[in-house]
Every structure is written in structure tokens, then in C-alpha cells.
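Enquirer:
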Amino acid sequence: MAKDTESGTPVGAQLRTLLICDLVESTALVERLGDLAAAELIRKHDRLARTLVDRHAGREIDKTDGFLLMFERPVQAAAFALDYQRALRQFNAAESVNLAARVGIHVGDVVVWENSAEDVARGAKPVEVERLVKPVASRLMTLAFPGQVLLSNIAYALAHRAQGELGERLEKVRWRTHGRYRFRGVPDPVPVFEVGEEGLAPLKAPPWSSKAHREVPFWRRPATVVIEALVVLALLTIPLYMFLRPQAAIAFAERDWVVVGSLHNLTGETVFDDSLESALRIGLEQSHFVNVLSDLKVRDTLTRMQLDPATAEVSRAVGSEVAIRDGARALILPTIAEIGGRVRITAEVIDPQTQTTVYSETADGIGKESILPSLDVINQRLRVRLGEALATVSAESKPLEKVATENLEALRAYSLGVNKYASGQFPEALELFRQALQLDAGLASVQVRIGAIRASSGQQEQAVESFSRALEQSARLTTRDALYAEAMRASAQQAPDALVKWATLTERFPDYFTGLGSFAYLNWRDANRFDAKAMAMVEASASSKNPNRMPSLQLMGILELGNGRFAQALAHFADAEAQGLQFTEYHAATQAAMRKFDEAKATLARSPAGAAKGNPAMAITRASLNAALLVDQGKLEQASTLLDEAARAETDGKVLAQAFSIMRLTLISADPPLSGDDLRSAKQQLEDVLAQRKSAQTARRQTLDAQALILAYVLARANERDLARRVLAAIPLADMPSGSSNAKLRSVVEAELDRIEGRHGAGIQRLETLLDGSELFITHVALLDAYAAAGQAGKALQQARWLSGHRGRAYAEVAPDNRLTAFNVQHTTLALLQAAELAVAQKDKDSARAMLKQFLEAWPEASARPALAKRIRALQGVLSEPGSP
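So my numbering is basically just the index in the sequence shown, starting at one, shifted up by 541.
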């Protein structure tokens, strides 16, 4: 408690609950019992009352015939009053007396100070309490009937919301409203409420007196009786229940959400307008218990409310509606004011259902340098009030002056930059972030945001530099920002532990949408996961509370495509496009997987034509899908030509030209293996890739390794075993992240060499080890060939059916870097022909006929390709032999 111990001068104000109780007719009691007997009775009464005060965490301020008590919370005062009235009845029975007490309870700011020891020795009370709260509580007590507990409206609202804390006594507790009373000396009328136990409390309106009278509505006055009679039926339709109904407490649970409203700035200092809201968010976002609705999401909701987010104030009414629309449990309204030379910051916690202040926290300081420490105090108190353990708050939170900045101008520039960043205005955000760094070079969170912008722009090396600078000053990062920076840097570097770092972030902050979305994306891109766990993660990221849920909706569609649930995939893509997604490639892929090629072509045409310019990943995705659509219709030559022309036309360097050339080589190597100019081209491509990887950075090397391994597979099929082994030697397994797509692809190359060299068992075992749901599509292609080579026709047929039955997976699989999409799609149809051949080997000619028919319907021009024509004729000959069933 702030105080001046020498002078006893009051310092500051505190929000507290005051309770005044008074024994009725205590003078008459003394006259009836005599001084000594009455004194002994009062002493026993006081001992009883003080025991209850301690039990309910109250503090005795003054004592006359009754008590002036102070409590932290209204529900504590109400609990004391209920226990006191019950205990008084038991006391009366034991002592054969008839004591009764009146109680008044009010809540508000009070000035509290402790008198000096010298003043106490002269007869002063140890503690003094002043302000309007005290006379209002006294007026309520005086108004009450004997045995009655009266509360002001704010005391009632807060105590009633927390009534669950009353425990077993709650069954008998009743709450009543008695209207508005005017008290002498109190400027405004006070709504009066009562709490009491049925059968014990009066539970009726208190009487009027010269010091207090009930405010009579105009319709109850004689002059309006006639009018009242005319409108009484209409008035009956007014739901009086809405005024009388009990208000529920905020049922705040772990990981519930809050909305931070607009700062009410009463100081005139504009620097506070953006910086303080940002600092409050930073403080609350350090919590694992409390989730803060992002500013961008609030802006989106304001737009849906047909308000201008640039000018609309998130006030009590507007903020409450935002909270209700977005499923947040509470609204927090911050205020800053200068009072008596002191800077006071207040944060009110609002119940959005009733727009009532449930409680508020206040912290005072002197000068601007006190603002962040005051916010730290308020943040800690708010988090504890909302249910978070104090030990957790203390252990896992860093002071705002560290994780934010003491320089409010820098904090304001940072806050404005975050808003621009969230809106996708990256150049403007970068300029504001640079201004923030000029004002405070150690503001590490700025480096994190700059790194994120660079990473999203494909500038991976610059992004790594920014994240490294931020992590060099990790003491000035929140725990969440530090984990995010580590994960982003690992991803930009394509480090082996990138997924582990993202997993750590999502475990610590399970509602951090940026972390969830990034982890889900990398699980698909790098780990090739389409399972329920991956879907659950991306569903969490696609929450309606996520203002940037569009990528997660798209990823949900991709995962559903990979699992063959086409209707669900189309629904997610439609949702993503409604949110603004322009890239329709995977929407088109879903239609192609359903063999709706005209629809797929029309959908693909909606994707912006110039979007791939300067974006190698998008260019590769688009080229691989266009080639896959042609292959899926049996137009292999057209697909090959498309990729060849794309490689020749590429002017952005070797990256794309190599990718297109390697995709073409995978297509034409299926049957028969490469030969002639194509084989020479594959060998030359391999030499170029291996030469480039010697000097490449880690991130670029991962892509080059994938291309080299694909070429090794193609060359192994062409019996170029030495070249394939050379690739394996250049790219040892120990250098690859465990479970990565490159590690899996390397095992496929090894298995292919096993097959070619007659080690069927070893190759099959190597491939079967990969089958955990995240294996590459090419694994099943290699396993089909391995089983067939080993004479295991039944198992080979199972793999052929897997390939033809997983068309969605063929399109949805991105690893490794979309280089195998067209190859995968090609083998969904080739598998039908292989399945027919294997069925014949098992003497199941009915199945063979059915699968051959499906193959010819999918590729009606297959007979124009000599290698396929030969296989088709052989099958048709066997199936048409005389006597053939």
C-alpha cells in the first residue's frame, strides 16, 4: 500500500468494497442489561464478527456499535454479511438476547492511509478510509431493516456474478432489487439491492426516511395516473425481467479469448494512442492462459458491422458486440489519465453480454517512464483475475520495457508497422519498422517482423539474417516471438530440426494461428503428412478467430484432396476463394482428380496469369499441374512439349529451366526407359545439379539434392547404375533431416538399384519400411515394380490398385518441390494397365478386362504409343483366346 509513514498523507486511490454494519438499538441494550453485562455481550459479539472478517479476507477499519470493514471484492463482503446474519441468530439463541444488525455494502475508489505511530498513540485509528464510497455504504446501512443486507448497484452486479463462490449457502440465498433511492448528501440516485437467506432476511423494500427516499417514476405520480391506466397494457409487454434477472459471471476458462478495446486517452499525449494498446497486447500475449483477439480480426469484424475500422472506436458497446460476434469472453477497456501530477492507467474487464464492468485494475506512476511498469502491474493482475496462476504469470513473463521498448515513439512506430504488416502493406510496414529501429536499435521484435516480410517475399538469406539479429537479443523478445524466430530461421535455412521447432512453438502456444498454420504447411510440404493429426492442426489454424485463415482453408482443401475426399476439398477451396484466394491450382487439381477436365481448365484459367512471375515455387506448381492435366488425359507428348518449351523459354536462370527439364524426363522415362538424346540430357542435367550443389547455400542445396535424387531414379531405371550410386555417395543419408522427403526419396533410389541388381528382398524391405502414411507416391510405384520383379503378383496387384485409387494424393503431394506431380498422375493410369496384366497372371480375367477397360477410357489414344500399344495387344489377345472365361 502506498503511504507516507511519517505524515500519514493519503497517496493514490484504490478500488475497494466497503461494508458498514451496525447493531440496532444498542443503547437500549445497555440500559436493559447494565454496563458490565452489555460490555461482555458486545465483546463476545465483536470476537464473533472479527473471526468472520478474517475468514472472508476483510480488514477492520473502524469500530463503534458495529464495524467499518474493507474487502478486496464485493462477493467477499456479501459472504461475510450472510455468515454474520446467520451467526447473529445463533448467537442470540445461545445468549438469550435479540441482537439485530443492519448492513450496507458499496464499491468504488477509496483513499486509504495508515496513521503514524504518534497519531495512533494520541487516539487516531491505525487506518483511515475516505471518499464517497463510505457515506453511500453508511446510507445503505441506515436505510436497511434490522437483519437486512443492502448493496449498491455496482456491488450487487459484481457480487452476483461471483455468487458461485458462496458455496453451499447459495441454495438459500436470494437477491432482490428495491428500486432507486435518493440519499441526502449523495448527488445521484442509487439503485438498491438486497441479498439474504430465505427465512432469515426481510427480503422486502426498506422504508423511506428523512435521509433517504425512494425515487418514484413519473408514471406513479398522481398527475399521470390516468395516462398510466391507458398505457398499462402496453407496459406489461416490457420485459421487466431484463432488469431483474440475475447476471451470470464471466465463465473465463483457460485459452478463452479477450478483446482489447480502444484506449481512452485523457492526457492529450497522442503518442499513447497506438503504443499503449500495443503494449497491453504484448503483455497479455505472453500468457498461455489468455488469448487476445488480433487487431486485424477486430478490424475485420468492424467491417462486417458496417463500421469503418480506420475511424471506429472499440468502445464498451462496439467492443462488446465484437466480442459476442467472435466468441470472446471479455472486453478489456484501457484508460490513461493524468491525475494530480500522476499518470493513472486503468483497465476495465467488461462482460460483453451485459456491458457491465466486472472488475477493474488501476496502477499509478509519475511521468512517462512509469507507464510500462504500470502496464506490467495491470497485465499481471488481469491475468490472475482471469484465472491464470500467479506463479505462472511471474515465471513466464518479461517486463514490457524489455520486450517492447521504453521509447514510446519507437513503440508507436512499431505498432503502426504491425498494423501495416497485418494489412499486407509490406513496403509501408518496412519503413515504419526502420523508423522504430532508428529510435531503439535493440527492439528485437521489429527484426522478427522484418524477417517475416523477407521470408514471405522469397528472400530467404535476408530473412535468416533478420531472425538471427533478433535472436542475438533474445532477452528482448517474448517467449512466443523467440520461439517463432527460431522456427522461421530454421525453415528459411531448411534446417533438419525445423519441424521440431515449430512443434515446440505450437505446444507452448496452441492458439497462435501463425504457428499452427506454418507448422501445418511444413507438415504437408516437407513431411508429406495427410493424416488426422495434420488435419486437426490446420483446422485449428482455420478458426474463425484467425484474421488470415485463407491459407489454412486452402491447405484443408489440399489435405482433403490428398485423402480422396473431393466434395470436402471443393468446399474448402470455395471458402478460401470467398476469403480472397486467387490461386486456384489445387481447386483445379481436385476437379482433374475427379476427371472433370473441362471444369479444371476453366478453374485454372481464373488464377492470375502473372502471379508466377518472379515466384519460382508458383511457376513450378503451375507448370507441373498443367503437365499433369495433359498426362491425365493421355496426352503425354503434349505434356512433354509443354515442359520442354517452358524450359527453353525460361529467362530467370537455371532454377526453373532445370525443374521443367527434370519433370519432362520423369514423364518419358516410365515406359520405355530413357535412351538416346533423352538419356544424354539426363546425364548432363545431373552433372549441372551436382556442380551447383557444391557451392550452394543450405536452403538451395535441399532443392538441388531433390533434383539429383529424381535424376538418379530415372537413370537407375535406364540401367545407369554407376551414376545413380554416384548421387547416393554425394548425398549421404546422415546429411538429411530424419523423415524428410529427400531421405525418403533416397531410399527409393536405393530400392530401385536393389531391384535392378536382383536383390528383390532387400529392395522390398527398404520400401516397406517407409510405409507410414507419409511415404512419397513414388514409393508405391517402386514397390509395384519390386513385387512384380520378385514374382509376388498378388502384392504387386495391391500396389497397382493403391496407385489407381489415390488420384487425389497424386495431385496433392508437393514433395519434393512439385517435381513429381505429373509423374505421380501418370502412374495412377498406368497402374490400371499393370493391374490388368497382373490380374491375368493370377488368372482373374474378369478383373483384367474391367481394368483394361478403365485404362482405355482414361487414355483412349494410348494405342498410338508403340510401347503401350504392344502391351494392350498382348492383353487383348490373352483375354480373347477361345475358351477364355
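Cβ coordinates follow ideal geometry from the N, Cα and C atoms, glycine included.
On a Cα-Cα basis, can you pick out the residue from I907, Q827, L872 and A878 that is closest to V890?
Expert: Residue nearest to V890 within the set I907, Q827, L872 and A878 is L872 (criterion: CA-CA distance).
Enquirer: When burial is assigned at 16 or more other CB atoms within 10 Å of the CB, is G860 buried or exposed?
Expert: buried
Enquirer: Would you report the Cα separation of L1012 and I1319, rounded to the nearest angstrom?
Expert: 39 Å
Enquirer: Using CA coordinates, which residue listed in E712, Q1233 and M1204 is at the minimum distance from D1219?
Expert: M1204
Enquirer: Using 7 Å as the threshold, is the C-beta distance between Q988 and R995 below it?
Expert: Cβ atoms of Q988 and R995: not closer than 7 Å.
Enquirer: When the distance is taken between beta carbons, is R663 closer than 7 Å to G720?
Expert: no
Enquirer: My output table needs one value for Y1053: the three-state DSSP class, helix, strand or coil.
Expert: coil
Enquirer: Hey, quick one: how far does the beta strand (DSSP E) through D650 stretch, first residue to last?
Expert: Looking at the DSSP string, the run of the beta strand (DSSP E) that includes D650 is A642 to E655.
Enquirer: If you compare alpha carbons, which of I1099, L817, Q1120 and E1118 is closest to A1110?
Expert: Of all alpha-carbon atoms in I1099, L817, Q1120 and E1118, the one lying nearest the alpha-carbon of A1110 is that of I1099.
Enquirer: Just the C-alpha distance for T1045 and L1024, rounded to the nearest angstrom, thanks.
Expert: 8 Å
Enquirer: Short check: CB of F793 to CB of R870, under 7 Å?
Expert: yes
Enquirer: I1251 and R1360 - do their beta-carbons sit closer together than 7 Å?
Expert: Cβ distance < 7 Å, so R1360 and I1251 count as in contact.
Enquirer: Note down, in chain order, each residue of its chain lying with its Cβ closer than 8 Å to the Cβ of F686, except the 5 sequence neighbours on either side.
Expert: Within the same chain, F686 has close Cβ partners R643, P743, K745, P747 and P748.
Enquirer: Helix or strand or just coil, what does DSSP make of D575?
Expert: Note that residue 575 is Gly in the sequence shown here, rather than Asp. Coil at G575, not helix or strand.
Enquirer: Nearest-angstrom Cα distance between Y955 and L707?
Expert: 46 Å
Enquirer: Looking only at its own chain, which residues have a Cβ that is under 8 Å from the Cβ of L623, when we skip the five neighbours before and after it?
Expert: V690, L707, R710, V714, V736, G737 and E738
Enquirer: Mind checking which residues open and close the alpha helix (DSSP H) that includes N1167?
Expert: Per DSSP, N1167 is one residue of the alpha helix (DSSP H) stretching across P1157 to D1173.
Enquirer: Curious, which full-length alpha helix (DSSP H) runs of at least 4 residues does the region 1256 to 1280 contain?
Expert: 1262 to 1271, all fully within the region 1256 to 1280.
Enquirer: Report the residue from D1385, A1270, V652 and S901 whose alpha carbon sits nearest the alpha carbon of V1419.
Expert: Looking at the Cα atoms, D1385 is the closest of the given residues.
Enquirer: Return the chain-ordered ranges of every alpha helix (DSSP H) run that is complete within the region 650 to 710 and spans a minimum of 4 residues.
Expert: 658 to 662, 674 to 684 and 694 to 702
Enquirer: My understanding is that Y1428 touches A665, with C-beta atoms under 8 Å, so please give their C-beta distance in whole angstroms.
Expert: There is simply no residue 1428 to check, as the chain begins at 542 and stops at 1426 in what is shown.
Enquirer: Measure the alpha-carbon distance for A1108 versus L1171 and round it to whole angstroms.
Expert: 23 Å
Enquirer: What three-state label does DSSP hand P875 in the structure shown?
Expert: strand
Enquirer: Would you mind working out which of A618, R600 and R725 sits nearest P667, comparing C-alpha positions?
Expert: If you compare the alpha carbons of A618, R600 and R725 with that of P667, the shortest gap goes to R600.
Enquirer: Could you check whether F621 and T558 sit closer than 7 Å to each other, using their CB atoms as the reference points?
Expert: no
Enquirer: Rounding to the nearest angstrom, what Cα-Cα distance links E1291 and H1368 in this structure?
Expert: 20 Å
Enquirer: So, for Q896: in the same chain, excluding its five sequence neighbours on each side, which residues have a beta-carbon less than 7 Å away from its beta-carbon?
Expert: R857, A858 and S861
Enquirer: Assuming V941 contacts A820 under a Cβ cut-off of 8 Å, what Cβ separation, rounded to an integer in Å, is found between them?
Expert: Position check: residue 941 holds Leu in this sequence, whereas Val was assumed. Sure, about 5 Å apart at Cβ, within 8 Å.
Enquirer: Which value, in whole angstroms, describes the spacing of the CA atoms of E1486 and V831?
Expert: Outside the displayed span of the chain (542 to 1426) sits residue 1486, for which this structure offers no information.
Enquirer: Among the candidates V677, A554, D576 and N1167, whose CA atom is the shortest distance from the CA of C562?
Expert: V677
Enquirer: According to DSSP, L559 sits in a beta bridge with which residue or residues?
Expert: M611 and H647
Enquirer: What separation, rounded to the nearest whole angstrom, lies between the Cα atoms of L1312 and V801?
Expert: The alpha-carbon atoms of L1312 and V801 are separated by roughly 48 Å.
Enquirer: Write down every uninterrupted run of the alpha helix (DSSP H) in the region 1012 to 1071 whose length is 4 residues or greater and which is fully enclosed by it, in chain order.
Expert: 1020 to 1033, 1039 to 1049 and 1054 to 1066
Enquirer: Take D603 and list the residues in its own chain whose beta-carbon comes closer than 7 Å to its own, dropping the five residues that flank it on each side.
Expert: Sequence-distant Cβ neighbours of D603 in its own chain, meaning closer than 7 Å and more than five residues away, are L609 and K666.
Enquirer: DSSP state of I907, grouped into three classes?
Expert: Coil.
Enquirer: Measure the Cβ-Cβ separation of L1184 and A1168 and say whether it is below 7 Å.
Expert: yes
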